[in-house]
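Visitor: Using full-length UniProt numbering, you'd call the opening residue of the sequence shown number 1 and step up by one each time.
The beta carbon of each residue, even a glycine, is placed where N, CA and C say it ideally should be.
A single structure is presented below for examination.
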Amino acid sequence: MTHKHGDRLLWSLTRGAWAPLAVATVSVLTSSAAALALPAALAAAVDAVLTGRGTADAVTWLALVIAVATGAEVTGALAGVTATASATSALRSRLTAHVLGLDTVQARRFPTGELANRLVSNTAISGYVPLTLLYTVTGLLTSIGGAVGLFLIDWRVGLTFLAGVPVAIVVIRVFVARVSGLYDRYQDAQGRLAARLTDALAGIRTVRASGTADREISRVLAPLAELSASGHALWRAQARSVWQLSLFLLLVEVLVLAVTGLGIADGRLEPGRLLAAAGYTALALAVVERIDSLMDLAHARSAARRVGEVLALPAQVPGSRPLPEGAGALSFRAVTVAGDGPPLLDGVDLEIPAGALTAVVGRSGAGKSTLALLAGRLMDPDHGQVLLDGLPLTEADPDALRNAVAYAFERPVLLGGDLLSAVAYGLPADASDVREAARAAHVDGVVSRLPQGYGTPADTAPLSGGELQRLGLARALVRRARLTVLDDATSSLDTATEAQVIRTLTEEMRGRTRLVVAHRATTAARADLVVWLDDGRVRARGPHRELWRDPAYRALFTAAAPVPGASASAAPASGVPVSGASASAAPASGVPVSGAGREPTGGDPLHEEEPCPVRP
């Protein structure tokens, strides 16, 4: 994203904080007017003292100007703080809402640490822009007023000052151009550092178990070299420009005072005009001396560019139509999802019957999780449509869709505070409903044995992977949705517990549509329909018993790949699918396959959801 787009974002912040900025503007303009009046009042007071005429009036006028300037400064400072806080808060709210409105693919375009850096640091830097712009503009007006004041003293004095303006403009332009690029490099290095630290903390168990802490420290801190180089370059650029400007401004001030002094020596000017010339020269040079404001603007442009890169990610456009009455019939029509290489899904046409338990099976990378994400519009297809009870999901009201579709993930994240709120997340916390769902997921006994029960803080609850999965399943069950999607949500359960959960899916949830990403033969055998995905396409669909006749299908549930040219009656090369059963027959009741393989999950942290597919 270019700085041009970042500048638009900064301008929108200025418009958004108009109320406190209006108060700050009045205060700053009043302060500037008082500052412009002060040299004249001071000169008048000095001349009155020297001449002995009108001393009381001149001193009164001087005191009034000082009082007005002080009051305006205090009011402006308070309004400025309010404007900055308002702009920062608005930008953070906008960025947070946009990120949470992205589909699961777009939300992973930036690492978590990178997003946190942009949300916390870059928004705060950008939030100062409205006030900085105000001070810069009023500083420019004050400088113009100071230059006018020098001309009012004497045209020769004014021309002396104007002779140095072109040089100051050149120095400022070179400085701003130089530091803008340096700030880009500095903040990019900061973002990479934050992202690497977040990754390391997420995988802390792997780091500790592997004894690679020193290696991780080196990896996390690798951007420090660029961060340090950029920081030193910024300081060098500032130091170089500051001494050049300081020397130049001193030269201009000396020339102006010299010309004024010659005027006083010639009798053209009164002695008090020397003080006035000194004051107006300082005011006229104020905009040049505000080198810190220029650095702040350069810094803010870089920060705004980084925030704008996130805001530029395309968010899902919410629909507005209510879902029609229905039992959860799900349709995929010519659905295609692009990937970095081959499509994740390629022209999928699929009908999921209402009220049925449908198992989705396939090798790792076949597109199972992508299909599950599409079912509840956690992502949108690049081509085609997904419909729930005849209504395209892109047209459905988001609140209605969230109430109609429930999810359980392989690695659920418990949000909401305590375990009661975590299970009821997104719904009013009803203890009886939560406990009923937990019993259905066979996890109520686990929670009840905790010292604080359902009041246990979710982030400190001592839960195993299987117990965590069952709580995620309870979170889906408590919604009583017409469509429930389980993305490998039973992979960490032992055989006995899985059998209990499958019984819940098949019996207690009868009549509701269930879409289950399955890796075990037991789950597929209990399903009403099995959808077999292969390389992003539907290779076959039907009852598990019929598909079992295909050796390639049987091989999905064993550790070995299918034997080329194997007959339908031959078992896979290693791992007998059903103990004591011939390979040509389907298991009578979905006996679990010994040594059944599972799709690799990736990632280390326990409290982390299934990684989403990434597409360009």
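With a cut-off of 8 angstroms, do at least 3 Cβ pairs link the stretch 497-516 to the stretch 317-328?
Guide: Counting Cβ pairs under 8 angstroms, three or more are found: they touch.
Visitor: Can you tell me the Cα-Cα spacing of residue 348 and residue 502, whole angstroms?
Guide: Translated into positions along the sequence shown, residue 348 becomes position 348. Translated into positions along the sequence shown, residue 502 becomes position 502. Distance between the alpha carbons of residue 348 and residue 502: 27 angstroms.
Visitor: When you compare the CB positions of residue 74 and residue 34, do they come within less than 8 angstroms of one another, or not?
Guide: The residue you call residue 74 lines up with position 74 of the sequence shown. The residue you call residue 34 lines up with position 34 of the sequence shown. No; because the gap between Cβ atoms is not below 8 angstroms, this pair is not in contact.
Visitor: Residue 556: which of 341, 520, 123, 324 sits nearest, CA to CA?
Guide: Position 556 of the sequence shown holds residue 556. Cα-wise, what sits closest to residue 556 is 520.
Visitor: What are the start and end residues of the beta strand (DSSP E) that includes residue 383?
Guide: Here residue 383 refers to the residue found at position 383 of the sequence shown. Counting along the chain, the beta strand (DSSP E) containing residue 383 begins and ends at 383-388.
Visitor: Compare the C-alpha of residue 274 against each of 22, 44, 541 and name the closest.
Guide: Sequence index remark: in the sequence shown, residue 274 carries index 274 (1-based). If we check each option's Cα against that of residue 274, 44 comes out closest.
Visitor: On the three-pair Cβ rule with 8 angstroms, is the stretch 530-537 touching the stretch 359-376?
Guide: Output reads yes: the stretch 359-376 touches the stretch 530-537.
Visitor: In the DSSP assignment, find the alpha helix (DSSP H) that holds residue 160 and state where it starts and stops.
Guide: As a first step, residue 160 is located in the sequence shown; it is residue number 160 there, counting from the start. Start and end: 155-162.
Visitor: Strictly by DSSP, which residues pair up with residue 186?
Guide: The residue you call residue 186 lines up with position 186 of the sequence shown. Paired residues: none, contrary to the question.
Visitor: Could you tell me the boundaries of the beta strand (DSSP E) in which residue 74 lies?
Guide: Translated into positions along the sequence shown, residue 74 becomes position 74. Run containing residue 74: none in the beta strand (DSSP E); it sits in the alpha helix (DSSP H), 55-101.
Visitor: Keeping to the same chain, check which residues put their C-beta closer than 7 angstroms to that of residue 346; ignore five residues upstream and five downstream.
Guide: Counting from 1 along the sequence shown, the entry for residue 346 is found at position 346. Closer than 7 angstroms at Cβ, skipping near neighbours: 336, 536, 537.
Visitor: By DSSP, does residue 619 sit in helix, in strand, or in coil?
Guide: Residue 619 lies beyond the stretch modelled for the chain, which goes from 1 to 616, so this question has no answer here.
Visitor: Run the CB neighbour count on residue 558, radius 10 Å, all protein chains shown included, and call it buried at 16 or more, exposed below.
Guide: Residue mapping note: residue 558 aligns to position 558 of the sequence shown, counting from 1. Residue 558 should be labelled buried.
Visitor: Mind checking who residue 331 pairs with in its DSSP beta bridge?
Guide: Taking the first residue of the sequence shown as position 1, residue 331 is located at position 331. Its beta-bridge partners are 351, 387.
Visitor: Find the nearest neighbour of residue 494 within the set 468, 540, 203, 245, judged by alpha-carbon distance.
Guide: If you number the sequence shown from 1, residue 494 lands on position 494. For residue 494, the nearest C-alpha among the options comes from 468.
Visitor: Is the Cβ of residue 248 closer than 8 angstroms to any Cβ of chain D?
Guide: This model lacks chain D altogether, as it is built from one protein chain only.
Visitor: Among residues of its own chain, excluding the 5 on either side of residue 189, which ones have a beta-carbon nearer than 7 angstroms to its beta-carbon?
Guide: Start at 1 with the first residue of the sequence shown, and residue 189 comes out as number 189. 223, 226, 227, 230.
Visitor: On a CA-only basis, which of 27, 145, 77, 196 is nearest residue 110? Give me that one, please.
Guide: Here the question's residue 110 lines up with position 110 in the sequence shown. Looking at the Cα atoms, 196 is the closest of the given residues.
Visitor: Rounded C-beta distance between residue 489 and residue 408? I'm assuming under 8 angstroms.
Guide: Translated into positions along the sequence shown, residue 489 becomes position 489. Translated into positions along the sequence shown, residue 408 becomes position 408. Correct: roughly 4 angstroms between the Cβ atoms.
Visitor: Under the DSSP definition of a beta bridge, which residues are partnered with residue 534?
Guide: Position 534 of the sequence shown holds residue 534. DSSP, once it has assigned bridges, lists 537 as partnering residue 534.
Visitor: For residue 125, count neighbouring Cβ atoms within 10 angstroms of its own Cβ and tell me buried if that reaches 16, exposed if not.
Guide: On the sequence shown, position 125 is the one that residue 125 refers to. Counting Cβ neighbours within 10 Å, residue 125 comes out buried, since at least 16 surround it.
Visitor: Once the 5 residues before and after residue 437 are set aside, which same chain residues still bring their CB inside 7 angstroms of it?
Guide: Along the sequence shown, read from residue 1 onward, the residue named residue 437 stands at position 437. Counting only Cβ-Cβ distances below 7 angstroms, and skipping sequence neighbours, we find 423, 474, 477, 478.
Visitor: Leaving out five residues before and five after residue 442 in sequence, what residues of the same chain have Cβ atoms less than 7 angstroms from its Cβ?
Guide: Against the sequence shown, residue 442 aligns to sequence position 442. Cβ within range, chain order: 470, 497, 500, 501.
Visitor: To which residues of the same chain is residue 431 closer than 8 angstroms at the C-beta, ignoring the five residues directly before and after it?
Guide: The sequence position of residue 431 within the sequence shown is 431, counting from 1. Within the same chain, residue 431 has close Cβ partners 420, 454.
Visitor: Check residue 200 in the structure and name its three-state DSSP category.
Guide: If you number the sequence shown from 1, residue 200 lands on position 200. Here residue 200 sits in helix by DSSP.
Visitor: Select from 332, 344, 439 the residue whose C-alpha is nearest the C-alpha of residue 391.
Guide: For this step, residue 391 is matched to residue 391 along the sequence shown. The shortest Cα separation from residue 391 among 332, 344, 439 belongs to 332.
Visitor: Rounded to whole angstroms, what is the Cα-Cα separation between residue 486 and residue 120?
Guide: Looking up residue 486 in the sequence shown gives position 486. Looking up residue 120 in the sequence shown gives position 120. In a straight line, the C-alpha of residue 486 is about 34 angstroms away from that of residue 120.
Visitor: For residue 243, count neighbouring C-beta atoms within 10 Å of its own C-beta (all shown protein chains included) and say buried if the count is 16 or more, exposed if not.
Guide: Translated into the one-based positions of the sequence shown, residue 243 becomes position 243. The residue is exposed, with fewer than 16 neighbouring Cβ atoms inside 10 Å.
Visitor: Could you tell me which residues DSSP puts in a beta bridge with residue 542?
Guide: For the purposes of this step, residue 542 is taken as the residue at position 542 of the sequence shown. Paired residues: 530.
Visitor: Leaving out five residues on either side along the sequence, give the residues of the same chain with a beta carbon under 7 angstroms from the beta carbon of residue 606.
Guide: The residue labelled residue 606 in the question sits at position 606 within the sequence shown. Caution is warranted here: a pLDDT of 30 is assigned to residue 606, below 50, making its placement in the model unreliable, and the coordinate value is therefore given only provisionally. Only 411, 465, 468 meet the Cβ criterion.
Visitor: Taking the alpha carbon of residue 42 as the point to measure from, which residue in 299, 418, 58 has its own alpha carbon closest?
Guide: As a position in the sequence shown, residue 42 is number 42, starting the count at 1. Among 299, 418, 58, the Cα nearest to that of residue 42 is on 58.
Visitor: For residue 20, collect the residues of the same chain with a Cβ closer than 8 angstroms to its Cβ; drop the 5 residues on either side in sequence, then sort them by chain order.
Guide: In the sequence shown, counting from the first residue as 1, residue 20 sits at position 20. Correct list, in chain order: 79, 80, 82, 83, 86.
Visitor: Per DSSP, residue 321 is paired with what?
Guide: Within the sequence shown, the letter at position 321 stands for residue 321. In DSSP, residue 321 forms a bridge with 396.
Visitor: Within a Cβ cutoff of 6 angstroms, which residues of the same chain sit near residue 416, ignoring the five residues on either side of it in sequence?
Guide: Taking the first residue of the sequence shown as 1, we reach residue 416 at position 416. Taken in chain order, the residues that qualify are 422, 425.
Visitor: Short check: CB of residue 95 to CB of residue 311, under 8 angstroms?
Guide: As a position in the sequence shown, residue 95 is number 95, starting the count at 1. As a position in the sequence shown, residue 311 is number 311, starting the count at 1. Cβ atoms of residue 95 and residue 311: closer than 8 angstroms.
Visitor: Where residue 388 and residue 506 are concerned, what is the direct C-alpha to C-alpha distance, given to the nearest angstrom?
Guide: Position 388 of the sequence shown, counted from the start, is the residue given in the question as residue 388. Position 506 of the sequence shown, counted from the start, is the residue given in the question as residue 506. Looking at the two C-alpha atoms, the distance is approximately 21 angstroms.
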